[in-house]
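Peer 1:
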Amino acid sequence: MYAIQFSRHGEPAAVLRQVELPRPQPGPGEVRVRLTHRPVNPSDLLYISGAYGRRPVLPAVPGFEGVGRVDATGADVGLAAGTRVAVSAFGTWQESVVVPAADVLVLPDGIDDDVGAQLMINPFTARLLLRRVALPPGAWLVQTAGLSAVGRMIAHLAYAQGVNTVSTHRGSGPVNVEGLPPTDHLVDTSRADLLSVVGTLTHGVGASAALDAVGGETGTDALRCLRTGGLMVSFGLLCGQPVAASPAHLIFRGLTVEGFWLPHYLSGMPPDEIARIGRHIIADALDGTLPSSVTRRYALSEVVAAVAHARRAGLTGKILLTG
């Protein structure tokens with residue numbers, strides 16, 4: 019079968035190769051899924067570069083999620099061939115993957131492949147981050163990379179919970195604010211001081227929590243916006259630089275900073291709870307609560323161009339690999 023593979027870490031254009039691999043066969047309790055759509059996520063690029071939290075055995079196939087149809091099943095599986103499913107697996111940038119049947123999300127007809135391909139990482143991340151900060155209605159939440167796919171999902175889910183959001187972005191080009199909830203205050207950090215904006219909105223109290231996908235100066239500014247006893251959760255490293263946490267702020271203002279990595283978080287949850295969240299995500303996708311726009315689709319063979327496009331600043335929709 020056709021696959022994208024890398025044998026060493028580095029820049030995608032230098033290390034990604036098109037190869038032929040044996041098509042995997044499902045064992046007991048497993049299904050094989052013929053994939054049709056896969057997103058290019060920031061975590062994929064970290065995996066290729068060697069900066070991801072789990073080092074692959076090389077050579078490896080990138081990609082952590084996708085959508086397709088079951089085309090083979092092992093013993094003791096209740097899913098029929100032809101069932102359309104969303105999957106989370108290592109190595110989705112290839113034609114087929116084998117996964118436990120219990121781990122897939124069966125997709126109703128009301129969810130198209132563009133949306134289905136994006137259901138296993140960002141929606142779980144958004145829901146679990148908001149669960150972690152557990153803010154009451156009326157509270158204020160600061161999030162960085164607010165125009166990213168996961169940032170838009172967080173804003174929508176927070177709005178549904180009655181939580182106000184301040185979402186950062188940075189860039190000189192036009193900004194697509196279509197579909198953002200009315201309680202989401204967008205701040206261009208190249209033009210405005212985030213601390214001043216949050217101070218004004220919260221009447222000098224500060225935000226109860228911050229969700230940081232960027233790190234560096236942006237993440238540091240988000241941390242400074244917290245009220246006494248506030249919590250910041252770091253879940254991304256888009257800029258590749260550390261957050262500067264002042265010991266004085268942490269000690270005298272009682273601030274907490276912690277990390278969030280979806281695989282680690284899910285590993286500590288019972289399967290029935292993960293399945294329950296999956297049902298909520300399906301419902302969110304059906305009613306439009308989870309914005310999942312697509313900027314462009316590339317054939318799997320165009321992976322280098324697709325990755326280059328996904329790395330451009332200011333994207334508000336996903337880049338998908340198809341075929």
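With my numbering applied, the sequence shown covers 19 to 341. Every residue gets a Cβ at the ideal spot worked out from N, C-alpha and C, and that includes glycine.
1. Does the region 319-326 come close enough to the region 212-219 to have 3 or more Cβ pairs within less than 8 Å?
2. Which of helix, strand or coil does DSSP assign to Tyr70?
3. Determine the burial state of Gln23: buried for a count of at least 16 other Cβ atoms within 10 Å of its Cβ, exposed for fewer.
4. From Val37, Val95, Thr186, Thr274, pick the residue whose C-alpha is nearest to that of Thr246; which is it?
5. By how many angstroms is the C-alpha of Val223 removed from the C-alpha of Phe270?
6. In terms of residue numbering, what span does the beta strand (DSSP E) encompassing Ile22 cover?
7. Enumerate, from N- to C-terminal direction, the unbroken beta strand (DSSP E) stretches of 3 or more residues contained entirely within the region 143-229.
8. Look at the Cβ atom of Asp89, then the Cβ atom of Arg52, and state whether they are nearer than 8 Å.
9. If I measure Cβ to Cβ from Ala93 and keep anything under 6 Å in the same chain, skipping five residues before and after, which residues do I get?
10. Please return the same chain residues whose Cβ sits closer than 6 Å to the Cβ of Asp132, not counting the five positions on each side in sequence.
11. Return the first residue and the last residue of the beta strand (DSSP E) that Gly134 is part of.
12. For the alpha helix (DSSP H) containing His267, name the first residue and the last one.
13. Can we say the region 187-201 touches the region 251-269, given the rule of at least three CB pairs closer than 8 Å?
14. So the alpha helix (DSSP H) Val49 belongs to, where does it begin and stop?
15. Beta carbon of Ala104, beta carbon of Leu137: below 8 Å?
16. Give a yes or no on whether the C-beta atoms belonging to Gly332 and Gly189 are separated by under 8 Å.
17. Since Val205 and Leu212 should fall inside the 8 Å C-beta cutoff, what is the C-beta to C-beta distance between them, to a whole number of angstroms?
18. State the DSSP-derived secondary structure class of Asp290, mapped to helix, strand or coil.
Peer 2: Quick look at the numbers:
1. no
2. coil
3. Under this definition Gln23 is a buried residue.
4. Ranking Val37, Val95, Thr186, Thr274 by Cα distance to Thr246 puts Thr274 first.
5. 15 Å
6. 20-24
7. Here the runs fully enclosed are 158-161, 182-187, 202-206.
8. yes
9. Pro46
10. Short of 6 Å from the beta carbon of Asp132, and not among the five residues preceding or following it, lie these beta carbons of its own chain, in chain order: Val312.
11. Segment 131-134 is the alpha helix (DSSP H) holding Gly134; no beta strand (DSSP E) there.
12. Note, His267: alpha helix (DSSP H), 265-270.
13. no
14. Where Val49 is concerned, there is no enclosing alpha helix (DSSP H), although the beta strand (DSSP E) it sits in stretches over 48-57.
15. yes
16. yes
17. 6 Å
18. helix
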